[in-house]
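Notes to accompany the following structure.
Protein chains: 2
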Amino acid sequence: MLENIDLSQSISNEEYKNSMKTLEVKLGELQRRAWELKIPIILVFEGWHASGMGEDINRFILPLDPRGFDFHTMTRPCYEDRLKPFLLRFWERIPVKGRIGIFDRSWYSRAIIELFGNKKDEKALEKALEEITYFERQLADDGYLILKFFLHISEKEQKERFKEIKKKDIPLILDEYEGKNGKEQDFIEQYEEYLPVIEKILENTDSPNAPWEIVEANDRNFAVLKIMVTVTQAIETSIEKITKTPGLQTIKYLDIPTTNLPVLNGSTLEKTDLSKNISVEEYRESKKLYQRKLEALQYELFRKKCSVVILFEGWDAAGKGGAIHRLVEVLNPRLYSVVPVGSPNDTEKAHQYLWRFCEVTPLAGHITIFDRSWYGRVLVERVEGFSTEEEWRRAYREINEFEKILADAGTIIFKFWLQIDKETQLERFESRQNDPEKNWKITEDDWRNRNKWDDYKVAVDEMLQKTSTTGAPWIIIESRDKRYSRAKVLKTVAETLEEELKKD
Amino acid sequence: MLENIDLSQSISNEEYKNSMKTLEVKLGELQRRAWELKIPIILVFEGWHASGMGEDINRFILPLDPRGFDFHTMTRPCYEDRLKPFLLRFWERIPVKGRIGIFDRSWYSRAIIELFGNKKDEKALEKALEEITYFERQLADDGYLILKFFLHISEKEQKERFKEIKKKDIPLILDEYEGKNGKEQDFIEQYEEYLPVIEKILENTDSPNAPWEIVEANDRNFAVLKIMVTVTQAIETSIEKITKTPGLQTIKYLDIPTTNLPVLNGSTLEKTDLSKNISVEEYRESKKLYQRKLEALQYELFRKKCSVVILFEGWDAAGKGGAIHRLVEVLNPRLYSVVPVGSPNDTEKAHQYLWRFCEVTPLAGHITIFDRSWYGRVLVERVEGFSTEEEWRRAYREINEFEKILADAGTIIFKFWLQIDKETQLERFESRQNDPEKNWKITEDDWRNRNKWDDYKVAVDEMLQKTSTTGAPWIIIESRDKRYSRAKVLKTVAETLEEELKKD
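Top to bottom, those sequences are chains A and B.
Note that our numbering has the first sequence beginning at 323, numbered continuously upward.
Note that our numbering has the second sequence beginning at 323, numbered continuously upward.
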């Protein structure tokens, strides 16, 4: 994409000033309009070192209202970032709907530095690019406007600029952040070597959802104007699309097949044998055995920096809380956390829906237990109509992609569905209601959900089929007998972890 | 505080189980009640290594509803934490009102490790303890219930436990986090040496707002029960105080003098000479000169890891935006950020009011410009009645303490008050209203604030007097002439920074 770029273009100071005057006012107006329409905007700036990114970005942000954008200089990961899958720290920084997120360097140069690195690891880079396309497509599908700029200068121009920078004694800020530990390789002063790598990245990740715009950056005036024009035009187009399409609230760049596929294998739930049970003695023995195993395994996971996600879904009163309690009873609180997932708060609603899970995924060596999870999208949100059909249908793929990102980074994932029948639920609801120590647990919502049992059943069966993947299969836990249920969870986790840890 | 502790106490398993049964239910109830009453609770756990903190805390948190607490293991600071004043990363983690924040290790052991450290820097430790007392008192004044536990075992017991841990091959989790780089010294296996240090800390920071409870931890049952009893009793007492005192919404541990002190020196605002002005030529020259200086100075600040806060307060339409624009026009966006401060959102309201500023204070080497600031507490919140008289009166001291924490960590602080008269404001309001490109800037709020000019004037004068400190003085900017105003800001910042940087 870079070979045919004409770097000789330039614009006079006078022409620049005149054009900027109009564009600045327009950009300010569009920013306010996008805020009203809640259009989230992501602007990525990449480019050669010394291509003038700092100054160009500053000229671009000066006319913006600082209340409406976030500026992120993406440098080396902090300690905690390093203990998480690569993409998550970028995902965490996506803007709230209506705001502009400006990325000065991004997942692109970080992938080159952190993953491709000194070892020139082509495979790691390719995997990262695949995951980046998931990420950008998911955001675009959710209505994010994404524009990516690459500031291009010639090698000759770069050399001259390096000289000038040296003369002026300006520190290389990004370089300072790298900590000069020599562990990470940046593409400073290695133009020839990195040109083909960058070409490849630009080509593989240029999509209608998230296009690259090459900015000829030899001439500053030309570069800034091109950025200004591109951004204003793109925002204008987005606004037009939204305001002129009745009913459209966000722009969809992708067509998702919305045919209602029949559940081909019949109901997984109906095939579950709920008569399974164990005696008190068997339960006690099992509990003791597997809890002891887990106590030792947690330290091995920690040593091997292996992270674990254990998520629980199931009918109300199926026994999620009790199963979680037995699981963590002998664990070290420094190594696990329980994340209860309820309805999203306002900030969470104002982001793409997987955003709120990025922060709570486990660090390497840690165990995170989710009491309900991202599957709310295809369960409660589907049944209650909190998301549109297009949104929850799309979520199957999005969830599979999200779990793949976790699994690829070495996370062991357990997904438990706790199954009971409708009668058992009623018994448990009534017994809770009559127990003064437990009746706070029963709310109107529980009874309302119970009335929609059949709708939920369809949703659960479809979820179990569409999101049971090799890296993250669903495990049905027969939970009419609480002891059986708890023992099966303990056994499954302990034995699987034991096996997985033997593999390395 | 540790010498007279009787470590021989113990409780049988049966007695433990019986007591725990009642206490667990009670703790659960109290947690729900505290949530309803929005009482924020902070529990700090410190103690000797191998005192059993991990297991004790786990037993304590099992009966809690995971939706209502946050667990923080405080280990080494991440890269960004190191670039900020010591206390801020703890401040950032205080719980939302109604939740329980559990700190496994805290500002105490981190102060020993990071500040006292290998150099045995008594002075740094003392300064930290002073700042910790500000921090805890401010939280307590805001209604936070703070309990601090020190898990105490004898040296003999510790030695035996170390042997057992080694035998079982359990990794020292906190030690892993330290990165084994040998830079930081923890108090593992140095009981004798650290005993007097810990004694001193416990004595100096034990206060009615935030008491220390020594937990005899030789016997696990005894330790857990003592923690359970202390916490339940303290929450119960807080709930009683709140529900039985009519009108009391939070508990105040401290009496704040609320006598309305007269402004002794007359009005600072009235003494301001608003006739000051400069010509277009003078302005252009000044701007060019000082912007050029600033361009160079930002890199020197970055190199010396010196951070800068520049905050702007002033009447509506006094020219804050314009002054900020000229200040950042030639700066590198990687080294500065502009933080516009509006009314707090729901999450911000649910914390102590300084909390939201912790995250946006500058990293070492960076410049943060605040367009309005924490002074909203004693201006708009006072005048509009958004905070009680007791709250805004208390804020003078709290703000001074907060700025002292920043200044002590080496932050250079500028506080500008942009002064205009009422007639100038009217002219500017009207000219904005008539300009189609600018009329979005004028809102109902602006006219409403204008009507309260006299109330604001009293508030501003009192603020200028009570919060002008040696480390962070107020600077009045005469702003009837916009050119004069902008030039004075540029000159003040450039010249002060130049001087400050010469000092090192």
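Built from N, CA and C at the ideal position, the CB exists for glycine as well.
All of these numbers come straight from a predicted model, not from anything done at the bench.
List the residues that DSSP assigns as beta-bridge partners of residue i.
i, result
"Thr765(B)", "Looking at the DSSP assignment, Thr765(B) forms no beta bridge with any residue, so it has no partner."
"Glu635(A)", "Trp739(A)"
"Phe425(B)", "Val366(B) and His394(B)"
"Trp796(B)", "Lys737(B)"
"Leu473(A)", "Gly369(A) and Val537(A)"
"Asp693(A)", "Phe634(A) and Pro662(A)"
"Ser529(A)", "Ala532(A)"
"Ile721(B)", "Note: Ile721(B) sits in no beta bridge, so no partner."
"Leu467(A)", "Ile363(A)"
Thinking residue i and residue j are a contact (beta carbons under 8 Å), I'd like their distance in whole angstroms, please.
i, j, result
"Ser709(A)", "Arg719(A)", "Their Cβ separation, rounded to whole angstroms, is 14 Å, which puts Ser709(A) and Arg719(A) out of contact at 8 Å."
"Ala794(A)", "Lys737(A)", "6 Å"
"Trp714(B)", "Glu703(B)", "6 Å"
"Leu812(A)", "Gln613(A)", "7 Å"
"Leu657(B)", "Ile475(B)", "Rounded, the Cβ-Cβ distance is 49 Å, inconsistent with contact."
"Leu324(B)", "Glu521(B)", "6 Å"
"Ser589(A)", "Phe393(B)", "Not confirmed; about 39 Å, so no contact."
"Leu685(B)", "Glu402(B)", "6 Å"
"Asp777(B)", "Val705(B)", "5 Å"
If we call anything under 8 Å between Cβ atoms a contact, is residue i one with residue j?
i, j, result
"Ile691(B)", "Val652(B)", "no"
"Ile422(B)", "Phe391(B)", "yes"
"Thr789(A)", "Asn722(A)", "yes"
"Ile536(B)", "Ile327(B)", "yes"
"Ile557(B)", "Ile363(B)", "yes"
"Ser428(A)", "Met396(A)", "yes"
"Ile561(A)", "Leu359(A)", "yes"
"Thr733(A)", "Ser629(A)", "yes"
"Asn543(B)", "Asn340(B)", "no"
"Glu482(B)", "Gln331(B)", "no"
"Leu701(B)", "Val782(B)", "yes"
"Trp693(B)", "Lys642(B)", "In the sequence under discussion, the amino acid at residue 693(B) is Asp, which differs from the Trp named in the question. A contact, by the Cβ cut-off of 8 Å."
"Leu851(A)", "Phe412(A)", "Residue 851(A) lies beyond the stretch modelled for chain A, which goes from 323 to 826, so this question has no answer here."
"Ile523(A)", "Leu451(A)", "yes"
"Ile799(A)", "Trp762(A)", "no"
"Ile727(B)", "Glu525(B)", "no"
"Met550(A)", "Leu345(A)", "yes"
"Ile689(A)", "Gln620(A)", "yes"
"Glu836(A)", "Glu514(A)", "Residue 836(A) lies beyond the stretch modelled for chain A, which goes from 323 to 826, so this question has no answer here."
"Met785(A)", "Tyr697(A)", "yes"
Beta carbon of residue i: closer than 7 Å to some heavy atom of the ligand NAP?
i, result
"Leu386(A)", "The ligand NAP is not among the ligands present in this structure, which contains no ligands whatsoever."
Determine, using beta-carbon pairs with one atom in the region 431-442 of chain A and one in the region 752-760 of chain A, whether at least three such pairs fall under 8 Å.
With contact defined as three or more Cβ pairs closer than 8 Å, the region 431-442 of chain A and the region 752-760 of chain A are not in contact.
Closer than 7 Å, Cβ to Cβ, to anything on chain A: give me those residues from the region 386-416 of chain B, in chain order.
Under the 7 Å Cβ criterion, the region 386-416 of chain B contributes Pro388, Arg389, Phe393, Thr395, Cys400, Tyr401 and Glu402.
Taking only beta carbons into account, state which residues of the region 355-381 of chain B come closer than 8 Å to chain A, listed in chain order.
If the cut-off is 8 Å between Cβ atoms, the region 355-381 of chain B has Gly376, Glu377, Ile379 and Asn380 near chain A.
Any C-beta of chain A within less than 7 Å: which residues of the region 608-629 of chain B qualify?
Among the residues of the region 608-629 of chain B, those with a Cβ less than 7 Å away from any Cβ of chain A are Tyr621, Phe624 and Arg625, in the order of the chain.
Closer than 8 Å is the cut-off here; do at least three beta carbon pairs connect the region 630-637 of chain B with the region 734-753 of chain B?
With contact defined as three or more Cβ pairs closer than 8 Å, the region 630-637 of chain B and the region 734-753 of chain B are in contact.
Quick check: the region 670-681 of chain A against the region 765-778 of chain A, are at least 3 beta-carbon pairs closer than 8 Å?
No, because fewer than three Cβ pairs between the region 765-778 of chain A and the region 670-681 of chain A fall closer than 8 Å, the two stretches do not touch.
Would the region 365-373 of chain B and the region 464-472 of chain B be scored as touching if the rule is three or more Cβ pairs under 8 Å?
Segments in contact, yes.
Kindly confirm or deny that the region 334-354 of chain B and the region 612-624 of chain A touch, where touching means at least three C-beta pairs closer than 8 Å.
Flag = no, the region 334-354 of chain B and the region 612-624 of chain A do not touch.
Using a Cβ-Cβ cutoff of 9 Å, what residues of the region 781-797 of chain B are near chain A? List them in chain order.
For the region 781-797 of chain B, which is checked against every Cβ of chain A, not one residue is closer than 9 Å.
Can you pull out the residues from the region 326-341 of chain B whose beta carbon lies closer than 9 Å to at least one beta carbon of chain A?
Residues passing the 9 Å Cβ filter: none.
What residues from the region 669-691 of chain B come within 8 Å of chain A, judged by C-beta to C-beta, listed N to C?
Correct list: Thr669.
Name, going along the chain, the residues of the region 595-607 of chain A whose beta-carbon falls closer than 9 Å to a beta-carbon of chain B.
Within the region 595-607 of chain A, no residue has a Cβ that lies closer than 9 Å to any Cβ of chain B.
Taking 8 Å as the threshold, find out whether the region 450-470 of chain B comes into contact with the region 531-546 of chain B through three or more Cβ pairs.
They touch, by the three-pair rule.
How do the region 594-604 of chain A and the region 794-808 of chain A stand: do at least 3 beta-carbon pairs fall below 8 Å, yes or no?
The answer is yes - the region 794-808 of chain A touches the region 594-604 of chain A, with three or more Cβ pairs under 8 Å.
Under 8 Å, CB to CB, which of the residues in the region 428-456 of chain B have a partner in chain A?
Along the region 428-456 of chain B, none of the residues has a CB nearer than 8 Å to a CB of chain A.
What are the residues of the region 804-818 of chain B that lie near chain A, defined by any Cβ-Cβ distance shorter than 8 Å?
Taking 8 Å as the Cβ-Cβ cut-off, the region 804-818 of chain B has no residue approaching chain A.
Does the region 643-652 of chain A come into contact with the region 373-384 of chain B, if we say contact requires no fewer than three beta-carbon pairs (one atom in each stretch) closer than 8 Å?
Yes: the two stretches touch, three or more of their Cβ pairs being nearer than 8 Å.
Quick one: which residues of the region 523-547 of chain B get their C-beta closer than 7 Å to a C-beta of chain A? List them in chain order.
If the cut-off is 7 Å between Cβ atoms, the region 523-547 of chain B has nothing near chain A.
What are the residues in the region 746-771 of chain B lying within 8 Å of chain A by C-beta distance?
Hits within the stretch, in order: Glu759 and Trp762.
In chain order, what residues of the region 646-657 of chain B put their CB closer than 9 Å to some CB of chain A?
Result list: Ile646, His647, Val650, Glu651, Val652, Leu653, Asn654, Pro655, Arg656 and Leu657.
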